[in-house]
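Visitor: Okay, here's the structure, questions in a sec.
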Amino acid sequence: NAGVTQTPKFRVLKTGQSMTLLCAQDMNHEYMYWYRQDPGMGLRLIHYSVGEGTTAKGEVPDGYNVSRLKKQNFLLGLESAAPSQTSVYFCASSYSDSRNEQFFGPGTRLTVL
Amino acid sequence: EDQVTQSPEALRLQEGESSSLNCSYTVSGLRGLFWYRQDPGKGPEFLFTLYSAGEEKEKERLKATLTKKESFLHITAPKPEDSATYLCAVQRVAGANNLFFGTGTRLTVIP
Chain A
264 NAGVTQTPKF RVLKTGQSMT LLCAQDMNHE YMYWYRQDPG MGLRLIHYSV GEGTTAKGEV
324 PDGYNVSRLK KQNFLLGLES AAPSQTSVYF CASSYSDSRN EQFFGPGTRL TVL
Chain B
5 EDQVTQSPEA LRLQEGESSS LNCSYTVSGL RGLFWYRQDP GKGPEFLFTL YSAGEEKEKE
65 RLKATLTKKE SFLHITAPKP EDSATYLCAV QRVAGANNLF FGTGTRLTVI P
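Line order of the protein sequences matches chains A and B. For the first sequence, our numbering gives the first residue as 264, with consecutive numbering after it. For the second sequence, our numbering gives the first residue as 5, with consecutive numbering after it.
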């Protein structure tokens with residue numbers, strides 16, 4: 264099992280450009296999450312999904328969109344990147360609400376110039 | 005407002021020198037408290053989940069405990085490979101499966 268994988272690992276964007284981060288999990292988990300991690304801020308939830316076809320806003324959703332067309336994939340989109348979105352992005356998944364141990368991917372380091 | 009505070013921010017230990025990391029929390033209805041380990045440049049790795057005050061869990065040199073206001077991660081006779089950042093997170097009441105993370109304790113174990 265690969266667990267949770269993320270692509271790409273690194274990316275540099277210019278302000279105003281768009282991109283999509285891809286997360287895939289092979290554990291048949293229902294729930295998937297996108298976090299960002301900034302120095303001194305801890306992990307903050309951007310969006311999450313409780314099942315295929317569902318999405319919901321987390322703590323810091325502005326400037327991001329997500330889609331969950333297939334159970335195993337969760338996409339995070341930046342339509343018009345801003346320097347404030349420079350961060351490390353982590354995807355995670357969990358089996359259910361009652362078993363909420365979240366398993367994380369290796370992260371994507373994004374720099375917006 | 006829900007809060008998770010971890011202390012100390014950084015801790016340096018000699019190999020074999022036992023110590024504890026603290027996670028204090030204020031949350032409206034604790035569903036679970038989670039401990040993770042994060043190595044530089046990697047994603048967090050799940051360690052433990054604690055659900056009720058008095059609960060304890062162990063894994064190798066690590067033991068996590070939970071009270072109504074805080075959790076401790078005890079490290080017994082640490083080795084250099086235990087060096088990492090340890091993150092604490094809380095899950096709020098049932099139906100809200102999101103985790104709220106603290107900022108972590110960066111542990112360095114010196115040979």
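Heads up, the beta-carbon is just placed ideally off N, CA and C, and yes, glycines get one too.
If we define contact as Cβ-Cβ less than 7 Å, is Pro369 (chain A) a contact residue for chain B?
Guide: yes
Visitor: Name the DSSP bridge partner or partners of Ile79 (chain B)?
Guide: B:Ser23 and B:Leu66
Visitor: So, are the CB atoms of Ala287 (chain A) and Thr268 (chain A) less than 7 Å apart?
Guide: yes
Visitor: Within the same chain, show all residues whose beta-carbon is closer than 7 Å to that of Ser23 (chain B), passing over the 5 residues directly before and after it, in chain order.
Guide: Leu15, Leu17 and Ile79
Visitor: I'd like to know if Lys46 (chain B) contacts chain A, where contact means its C-beta is closer than 7 Å to some C-beta of that chain.
Guide: yes
Visitor: How long is the line joining the alpha carbons of Arg299 (chain A) and Gly266 (chain A), rounded to whole angstroms?
Guide: C-alpha separation (whole angstroms): 19 Å.
Visitor: In chain B, which residues lie with their C-beta within 7 Å of the C-beta of Gly316 (chain A)?
Guide: Chain B residues near Gly316 (chain A): none, gap ~17 Å exceeds 7 Å.
Visitor: Among B:Ser28, B:Pro84, B:Gly47 and B:Lys46, which has the Cα closest to the Cα of Ala68 (chain B)?
Guide: Answer by Cα proximity: B:Ser28.
Visitor: Identify the contact partners of Leu103 (chain B) in chain A, using a Cβ-Cβ distance below 7 Å as the criterion.
Guide: Gln365
Visitor: Is Val375 (chain A) closer than 7 Å to Ala344 (chain A) when the C-beta atoms are compared?
Guide: yes
Visitor: Ser347 (chain A) by DSSP, collapsed to three states: which one?
Guide: helix
Visitor: So, is the C-beta of Gln7 (chain B) closer than 7 Å to a C-beta in chain A?
Guide: no
Visitor: Is it true that the CB of Leu37 (chain B) sits closer than 7 Å to the CB of Leu70 (chain B)?
Guide: yes
Visitor: Decide if Arg331 (chain A) is buried, meaning its Cβ has at least 16 other Cβ atoms within 10 Å, or exposed.
Guide: buried
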